[in-house]
Each structure stands twice: as structure tokens, then as C-alpha cells.
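Undergrad: Residue numbers (the numbering used here): 442 to 787.
Here's a structure for you.
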């Protein structure tokens, strides 16, 4: 049975990932000195914990349901291929055909398609699937870790590994293989390992974890607000060139952890009531992976519509993408969940 607090977190992350892609072109095109830029940049930047959140949520869900069980590795991998990999491959193919139709590619090239599937670079957010599948392939390691290693050793060590690999893995690869220019560090699981490891221990100790965060709500909220302000302000100044902040990504990493923790706490406090109150959100939860895969087609098509009709007003473009993307996704989600719930009654 789904935990409604986790369903709420899943829905929120899904809504935010759409917001990121709706805002992306505006962030690149707007005058950085304008108020409109700041208004778009802030939610865009502060939403950028969603991939890390999805990674942590995936491990929480697995380990929450795995207690005292034995992993049938090949059955598990087959289920992940069926539920994750095959829909992903289909979606990459759909995007590829869409891009050919819109003249991004000249002709169909199977090598080009296979390469895009393996690298997760057909569309910017596809790298999540490549990362999460690496974690799935190593599942016996994570199970052994939660059984044998204390959380207060595993989590700090995973953070150190993540920081080290994020900064130095490409350099180490270039030393070992001088002819290789490794540009795919953001698609290697080590760049996100701390979020996964945290999720493993949260899932394995689910009730204890939430018992502790409920006792520290004020502290968690305060840390989140401080990190939100710090990340938002320093990132904004850094992006406009008003202030050079060399450690801005370190601040952002701390913000990511605080944001995920706050969202989990908020979900525990209000998630059940919210999910029970809004049919639409249950639909988004049920379709979240497919929304993640396909929502960018709506964003792209909105952009192409503007180009075809020579609409250059950036404000109108943003509003159109915002209304169009959320409107279509929410309409499909609502119809889907209504149909699904009606079938259950019948």
C-alpha cells in the first residue's frame, strides 16, 4: 500500500520538475537585470532538488518494503526493466521521431538513437533513468550495506564519496586514460550516491526516522529557510555577475539536503490530508513516471508554436508554456484517476 506522505512528495517533485523545464528557456533568454528574470530564476533554481529527491524517494520505497525479505536479483532487475527501462526506451524513441519531424535531426539513425538511450541525453532530464538503473544494478550492495554498516558511518562516507567523485572523477579517468575526455560525470551514480544511501536507511528505519524529524520540526524548518535564502540569493547574484560566489554549488548541495528533509517532514504532517482531498493529485502520483518522461514534449511544442507564429514576447511565451503544460498534464491525470477509481468501484 502506498504511503500517502510519500505520494505527496512524489507529486510535489513531479510538479517541480515540470516547472524547471517551463522556466529553463526564460532563464536563458531574459535580461538578467530585469525583475522578471529574478522572478523566474528563483523558483527555477530552488526547484533544482527534484532529481536528488526522486533518487532518495526510490530507495526509501524499496527498503521500506524490503524488510526481512530475500532479494531475487534477476526477478527484481526484470521488473525494473519492465517498469522503468522499456518505457524509457519508448519515450526516447518518441522524442527522437519528434525531433526528426521538427528538423533537429536530418534522418533516422539507429546508432544515434542507441547512443542517446545509453547516455540519457536525448532530453536533459533523461539522465535520471540512467542513474537510477545503476543503483538498481547494485542493489545487493545496498542491501548488504544497510545490514552491516551503521548509518552514522555509511551516510558521512557516502557524502565524502559523492563530493570527491563529483570534483575529481573526470580528472582520475583522464589520468588513467589520457585520450578520454570524460564529460558524463553527471550520469554516474557516484555523483548522487549520498541521496540514495540516505534513502536506504530512511526506508529501512522508516518509523524511527519520521519519529525523530517530528520531534525536530522547528530546527528542520529553520535550517530549510536559511538554506533557501542563502541558495536563492547567492545563486541569483552569481548568475547576474553582481557577485562572484565560488562556493555557490556547495551551498546548493546543502540546500538540496535541507529541502528534501523539509519536504518529507511536510509530507508527513499534511500529505495524507492533501492526497485524500484532491483527486487530481492522486492521478499525478499514479502517472508520475510517464509525466516525467513526456512533459517536455508539451514544452517543446509550445515553443515551436511561438516560433511558427513569430511570437517573440517572452512573458506570453512563459505563461503559455506554464498554462499549456500543467493544463494538459493535469487534465490527463484527472481523467486517468477518475477512470481508474471508477473501475475499482465497478
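Heads up, the beta-carbon is just placed ideally off N, CA and C, and yes, glycines get one too.
(1) Please report the distance separating the alpha-carbon of residue 576 from that of residue 737.
(2) Consult DSSP for residue 619 and reduce its assignment to one of helix, strand or coil.
(3) Comparing alpha-carbon positions, which option in 482, 467, 497 lies nearest residue 700?
(4) Can you check whether the CB of residue 704 is closer than 8 Å to the CB of residue 452?
(5) Would you call residue 485 buried or exposed, if buried means 16 or more other Cβ atoms sit within 10 Å of its Cβ?
(6) Does the distance from the CB of residue 708 to the CB of residue 458 come in under 8 Å?
(7) Between 712, 507, 665, 641, which lies nearest to residue 591 when the distance is taken from Cα to Cα?
(8) Starting from the C-beta of residue 635, find all residues in its chain whose C-beta is less than 6 Å away, skip the five residues before and the five after it, and write them out in chain order.
(9) Whole angstroms are fine: how far does the CA of residue 528 sit from the CA of residue 521?
(10) Could you please give the first and the last residue of the uninterrupted alpha helix (DSSP H) stretch that includes residue 629?
(11) Using the three-state DSSP reduction, which class does residue 514 fall into: helix, strand or coil?
(12) Indicate whether the contact test is met: 3 or more Cβ pairs, each with one atom in the segment 675-686 and one in the segment 476-490, closer than 8 Å.
(13) Quick one: any contact between the segment 715-725 and the segment 497-509, if contact means 3 or more CB pairs under 8 Å?
(14) If I'm right that residue 668 touches residue 696 with Cβ under 8 Å, what's the distance once you round it to whole angstroms?
(15) Expressed to the nearest angstrom, what Euclidean distance is found between the alpha-carbon atoms of residue 490 and residue 455?
(16) Helix, strand or coil, according to DSSP, for residue 591 in the structure here?
(17) Counting pairs of Cβ atoms below 8 Å between the segment 754-765 and the segment 458-478, do you hit three or more?
(18) Alpha carbon to alpha carbon, how far is residue 637 from residue 595? Give it in angstroms, no decimals.
(19) Assign residue 487 to buried or exposed, taking buried as 16 or more other Cβ atoms, counted over all protein chains shown, within 10 Å of its Cβ.
(20) Within 10 angstroms of the Cβ of residue 808, are there 16 or more other Cβ atoms? Answer buried if so, exposed if not.
(21) DSSP state of residue 563, grouped into three classes?
(22) Report yes or no: do three or more beta-carbon pairs, one from the segment 571-587 and one from the segment 614-631, lie closer than 8 Å?
(23) From the DSSP output, in three-state form, read off residue 726 for me.
(24) I'd like the list of long-range same chain contacts for residue 693, defined as Cβ closer than 6 Å, with 5 residues on each side in sequence excluded.
(25) Around the C-beta of residue 445, are 16 or more other C-beta atoms found within 10 angstroms, so that it is buried, or is it exposed?
(26) In whole angstroms, give me the CA-to-CA distance for residue 740 and residue 675.
(27) Look at the alpha carbon of residue 475 and the alpha carbon of residue 517, and state the distance between them as a whole number of angstroms.
(28) So, with DSSP's three-state summary, where would you put residue 703?
(29) For residue 745, count neighbouring C-beta atoms within 10 Å of its own C-beta (all shown protein chains included) and say buried if the count is 16 or more, exposed if not.
(30) Check whether the segment 601-620 touches the segment 542-553, counting contact only when three or more Cβ pairs, one atom from each stretch, lie closer than 8 Å.
(31) With H, G and I counted as helix, E and B as strand and the rest as coil, what does DSSP make of residue 443?
(32) Quick check: what's the CA-CA separation for residue 511 versus residue 742?
TA: For this structure:
(1) Numbered from 1 along the chain shown, position 135 holds the residue referred to as residue 576. Numbered from 1 along the chain shown, position 296 holds the residue referred to as residue 737. When rounded, the distance between both Cα atoms is 25 Å.
(2) Mapped onto the chain shown, residue 619 falls at position 178. Residue 619 falls in the coil class under three-state DSSP.
(3) To locate residue 700, count along the chain shown from 1; it is residue 259. Considering only alpha carbons, the answer is 497.
(4) For the purposes of this step, residue 452 is taken as the residue at position 11 of the chain shown. For the purposes of this step, residue 704 is taken as the residue at position 263 of the chain shown. No, the Cβ-Cβ distance between residue 452 and residue 704 is not below 8 Å.
(5) In the chain shown, counting from the first residue as 1, residue 485 sits at position 44. Buried, because 16 or more other Cβ atoms sit within 10 Å of the Cβ of residue 485.
(6) Stepping through the chain shown from its first residue, residue 708 is reached at position 267. Stepping through the chain shown from its first residue, residue 458 is reached at position 17. Against a cut-off of 8 Å, the Cβ pair of residue 458 and residue 708 comes out as no contact.
(7) Within the chain shown, the letter at position 150 stands for residue 591. Of the candidates 712, 507, 665, 641, the one whose C-alpha sits nearest the C-alpha of residue 591 is 641.
(8) As a working note, residue 635 is residue 194 in the chain shown. Counting only Cβ-Cβ distances below 6 Å, and skipping sequence neighbours, we find 599, 600, 603.
(9) Stepping through the chain shown from its first residue, residue 521 is reached at position 80. Stepping through the chain shown from its first residue, residue 528 is reached at position 87. In this structure, the alpha-carbon of residue 521 lies about 10 Å from that of residue 528.
(10) Looking up residue 629 in the chain shown gives position 188. For residue 629, no alpha helix (DSSP H) run applies, since DSSP gives it neither H nor E.
(11) The residue given as residue 514 occupies position 73 in the chain shown. Correct three-state label for residue 514: helix.
(12) Yes, they touch.
(13) Fewer than three beta-carbon pairs drawn from the segment 715-725 and the segment 497-509 are found closer than 8 Å, and the two stretches are therefore not classed as touching.
(14) Sequence index remark: in the chain shown, residue 668 carries index 227 (1-based). Sequence index remark: in the chain shown, residue 696 carries index 255 (1-based). That pair is a contact at about 4 Å.
(15) Indexing the chain shown from 1 puts residue 490 at position 49. Indexing the chain shown from 1 puts residue 455 at position 14. Each residue's Cα considered, the two are about 11 Å apart.
(16) Stepping through the chain shown from its first residue, residue 591 is reached at position 150. Coil, per DSSP.
(17) yes
(18) Here the question's residue 595 lines up with position 154 in the chain shown. Here the question's residue 637 lines up with position 196 in the chain shown. When rounded, the distance between both Cα atoms is 11 Å.
(19) The count along the chain shown starts at 1 and reaches residue 487 at position 46. Buried.
(20) Outside the shown range of the chain, which is 442 to 787, sits residue 808, and nothing can be said about it.
(21) What you label residue 563 is simply residue 122 of the chain shown in a count that begins at 1. Residue 563: coil per DSSP, three-state reduction.
(22) yes
(23) Along the chain shown, read from residue 1 onward, the residue named residue 726 stands at position 285. Three-state DSSP puts residue 726 in a helix.
(24) By 1-based counting over the chain shown, the position of residue 693 is 252. The beta carbon of residue 693 is closer than 6 Å to those of 672 in its chain, skipping five residues each way along the sequence.
(25) Within the chain shown, residue 445 is the residue found at index 4, counting from 1. Buried, by the Cβ-count rule.
(26) Looking up residue 740 in the chain shown gives position 299. Looking up residue 675 in the chain shown gives position 234. One C-alpha to the other measures close to 28 Å.
(27) What you label residue 475 is simply residue 34 of the chain shown in a count that begins at 1. What you label residue 517 is simply residue 76 of the chain shown in a count that begins at 1. Rounded to whole angstroms, residue 475 to residue 517 spans 50 Å at the Cα level.
(28) Indexing the chain shown from 1 puts residue 703 at position 262. DSSP places residue 703 in helix when its eight states are reduced to three.
(29) By one-based count along the chain shown, residue 745 stands at place 304. So residue 745 counts as exposed.
(30) no
(31) What you label residue 443 is simply residue 2 of the chain shown in a count that begins at 1. Residue 443 falls in the coil class under three-state DSSP.
(32) Along the chain shown, one-based indexing puts residue 511 at 70. Along the chain shown, one-based indexing puts residue 742 at 301. Their backbone Cα atoms lie some 46 Å apart in a straight line.
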